[in-house]
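Using our numbering, read the sequence shown as starting at 11 and increasing by one per residue. Below: one structure, written as structure tokens.
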Amino acid sequence: MPMRCCLILTALLLFSVTCTPAFAGDELEEGFISLWDGKTFDNWKISENPDSWSIKDGAFVAKGPRSHLFYVGPEAPFKNFVFKVDCKTAENSNGGIYFHTKFQEEGWPRWGYESQVNNSHGDPKRTGSLYEVVNVYQQIIPDNTWWTQTITVNDKHIRVELDDTIVVDYLERPMKPFDKDDWQRYLSEGTFCFQAHDPGSTVWFKNVRVKRLD
């Protein structure tokens, strides 16, 4: 191949790499926006134990003592939406996805709901569970496999899908007022966060995107 053609081909390859969009998937679905650039912690804030989080190959990696990674970017808060994230678990790993929540410095998030990420951990509540509200006890996703977890909130309706399988379809019922020390498990509005559960767990999250429904 002539040298001039080699130089042109090299330049085109470099251009295609540097122009890769922030969204790590093929393309964003219609109406969705990306909440993460796939490279940095910009617009995200870590609670306790920041060393429990790292970034590798375009994914957040949760591995270490309890910690939560909150979206604090300009798109928040969110009320009605379709939220999607691609997830993967190592064997015996536990994690979670919170929504309608808000940042707190330490502890398990007290606001909003948790969608469980757990395919084989000792906690029997499996991936897709609306934790302690609608629990799923069947393992649907194998470890070491990527899947898309979709959470849809529309008014008082919550739906959770694992790829194309609906595992939760829940209508929030009227509840008594919460005491200030209770877990604030109800729909209002808020942000998203991911969970690092324990040092024995490794969970990956990537391609974080959302579509507003309001």
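Beta carbons are placed, not taken as given, at the ideal position from N, Cα and C, and that holds for glycine. Remember, predicted model here, so these are calculated numbers, not experimental data.
Check                                                                                                                                    : Outcome
C-alpha distance - Gln194 paired with Gly200, whole-angstrom precision                                                                   : 12 angstroms
Under the three-state DSSP convention, the category Ser57 falls into                                                                     : coil
Buried or exposed (CB count within 10 angstroms, at least 16 for buried), Ser211                                                         : buried
Sheet register partners of His167 (DSSP bridge)                                                                                          : Asn164, Leu181
Spatial neighbours of Val92 in its chain, beta-carbon cut-off 6 angstroms, leaving aside the 5 residues before and after                 : Thr162, Lys221
Between the CA atoms of Asn102 and Gly132 - distance to the nearest angstrom                                                             : 7 angstroms
Supposed contact pair Ser57 and Val218 - C-beta distance, whole angstroms, cut 8 angstroms                                               : Contact flag wrong, Cβ pair sits at about 18 angstroms.
Presumed contact (8 angstroms Cβ cut-off) between Lys94 and Trp156, rounded CB distance                                                  : No, Lys94 and Trp156 are not in contact; Cβ-Cβ is about 12 angstroms, not under 8 angstroms.
Contacting residues, own chain, Cβ-Cβ under 7 angstroms from Ser62 (five flanking each side not counted)                                 : Ala72, Lys73, Gly74, Pro75, Ser77, Ala206
Asp208 versus Tyr81, Asn128, Thr158, Glu37, residue with shortest Cα-Cα distance                                                         : Asn128
Beta-carbon gap between Gly105 and Phe215 smaller than 9 angstroms                                                                       : yes
Cβ-based burial, His110 [other Cβ within 10 Å; buried from 16]                                                                           : buried
Contacts around Pro60, its chain only, beta-carbon distance under 8 angstroms, and the 5 residues preceding and following it disregarded : Ser77
The region 168-186 / the region 137-156 touching (three or more Cβ pairs under 8 angstroms)                                              : yes
Distance between Glu37 and Asn164 (C-alpha atoms, nearest Å)                                                                             : 25 angstroms
Proximity below 9 angstroms, CB of Thr158 to CB of Asp224                                                                                : no
Glu124: first and last residue of the uninterrupted beta strand (DSSP E) it sits in                                                      : 123-128
Beta-bridge pairing of Tyr81 - partner residues as DSSP gives them                                                                       : Trp54
Cβ-Cβ distance between Thr160 and Ile150 below 9 angstroms                                                                               : no
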